[in-house]
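Residue numbers (our numbering), protein chains in the order written: chain B, 103 to 271; chain Y, -4 to 183.
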């Protein structure tokens, strides 16, 4: 496992957008359907978990911010601990990807957007009762009106892109 | 077995499964868990623009769009086959707090009195769909990630900036629920 900076491009091979929160670091070429079908399957599992754990529930988010239930803290806390142990194991045993490549972790450098954007997202999260993942799951679980929320979120991302260079970071 | 799965899952089961998404994506093909990026890729793919922020090879990142399409499909499967007929069990305190604001806990995932098509062109729609959604999309991209990218992936890899971002998410949420929301609900 190696840790790289956001801006890091190895031998000019990796050309993911800088500051991409979810970059693709696979070097081996990927086909559109055959390679990506496994991420569709992963997404499906995630969608099922999101619904069955009720993390997509607007009420659960209200409970969390009112400190009236441990549920959401338990879910996120367990997820972080499980994720962290997994990453440590990948590092300790130098596990490779199924393509035999070294696992790459990106260092997320601090900028003031983490705070200003984070606060903005938090305000929105409490209203919509959903972060981006659950937005998709809410639509899938029959709340089709959330398509409007999703379109607004896409518009928000677009407006950020429009003013990115003028915003404090 | 299926009856068992139909029940709401305990936090430690759900949390562990969500946490396993991190190594699964890394080992399947060096992908970083993060969902808000999909919104950026949708902008890059669908909106013809010269904005530098959207000038990149989005096709290389398309796995992320497959992942979110999967979330929609997975949630539909959960609804169709694994649906829990019992109402969502939330805290009595939350039920009474929401009732004081005029929101009746209806036992569904989300209050139908707010999240329905009739409300699209009302003040409720403007606040809950348009404004809320905008802040989620704008805020997550400005922060460089959301609950998945920062709070789960970022904290799992011990990143200080993700810890700061996660604390900011929480402060924003507490501020909305305790300070702004009571005022907002009177307004709409």
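C-beta: ideal position from N, C-alpha, C; glycine also.
Which residues in the same chain have their Cβ closer than 8 Å to the Cβ of residue i, if we skip the five residues on either side of it in sequence?
i	result
residue 136 of chain Y	31, 34, 35
residue 138 of chain Y	145, 160, 163, 164
residue 149 of chain B	238, 239, 242
residue 0 of chain Y	77
residue 147 of chain Y	13, 14, 16, 17, 28
residue 174 of chain B	157, 162, 163, 165, 166
residue 249 of chain B	241
Locate the alpha helix (DSSP H) running through residue i, then write down its first and last residues.
i	result
residue 193 of chain B	173 to 194
residue 185 of chain Y	Coverage of chain Y is limited to positions -4 through 183, which leaves residue 185 of chain Y absent and any answer about it impossible.
residue 113 of chain Y	Residue 113 of chain Y -> no alpha helix (DSSP H), and no H or E assigned at all.
residue 1 of chain Y	-3 to 1
residue 157 of chain Y	155 to 170
residue 9 of chain Y	6 to 24
residue 164 of chain B	160 to 167
residue 135 of chain Y	127 to 138
residue 174 of chain Y	Here residue 174 of chain Y belongs to no alpha helix (DSSP H), and DSSP marks it neither H nor E.
residue 152 of chain B	139 to 154
With H, G and I counted as helix, E and B as strand and the rest as coil, what does DSSP make of residue i?
i	result
residue 204 of chain B	strand
residue 88 of chain Y	helix
residue 122 of chain Y	helix
residue 126 of chain B	strand
residue 115 of chain B	Note that residue 115 of chain B scores a pLDDT of 40, beneath 50, so its modelled location is shaky and nothing firm can be said.
residue 248 of chain B	helix
residue 268 of chain B	helix
residue 45 of chain Y	coil
residue 210 of chain B	coil
residue 183 of chain Y	coil
Leaving out the 5 sequence neighbours to the left and right, which residues in its chain are closer than 6 Å to residue i when beta-carbon positions are compared?
i	result
residue 227 of chain B	233
residue 96 of chain Y	180
residue 56 of chain Y	36
residue 90 of chain Y	100
residue 105 of chain Y	none
Give the straight-line distance between the Cα atoms of residue i and residue j, rounded to the nearest whole angstrom.
i	j	result
residue 260 of chain B	residue 93 of chain Y	33 Å
residue 212 of chain B	residue 156 of chain Y	5 Å
residue 98 of chain Y	residue 160 of chain B	12 Å
residue 200 of chain B	residue 106 of chain B	20 Å
residue 143 of chain Y	residue 113 of chain Y	31 Å
residue -3 of chain Y	residue 76 of chain Y	9 Å
residue 104 of chain B	residue 59 of chain Y	22 Å
residue 271 of chain B	residue 49 of chain Y	18 Å
residue 140 of chain Y	residue 132 of chain B	25 Å
residue 57 of chain B	residue 221 of chain B	Missing from the structure shown is residue 57 of chain B; chain B here goes from 103 to 271 and no further.
residue 154 of chain Y	residue 173 of chain Y	29 Å
residue 61 of chain Y	residue 137 of chain B	10 Å
residue 169 of chain Y	residue 109 of chain Y	20 Å
residue 229 of chain B	residue 244 of chain B	19 Å
residue 171 of chain Y	residue 256 of chain B	21 Å
residue 268 of chain B	residue 215 of chain B	12 Å
residue 170 of chain B	residue 88 of chain Y	7 Å
residue 258 of chain B	residue 198 of chain B	37 Å
residue 218 of chain B	residue 134 of chain Y	8 Å
Using a Cβ-Cβ cut-off of 7 Å (strictly less than) and excluding sequence neighbours within five positions of residue i, which residues of its own chain qualify?
i	result
residue 40 of chain Y	53
residue 193 of chain B	103
residue 85 of chain Y	100
residue 63 of chain Y	30, 33
Starting from residue i, follow the beta strand (DSSP E) in both directions and report where the run begins and ends.
i	result
residue 105 of chain B	104 to 107
task = Report the residue ranges of all alpha helix (DSSP H) runs contained in full by the region 219 to 243 of chain B; include only those spanning at least 4 residues, in chain order.
result = Runs of the alpha helix (DSSP H) inside the region 219 to 243 of chain B: 234 to 242.
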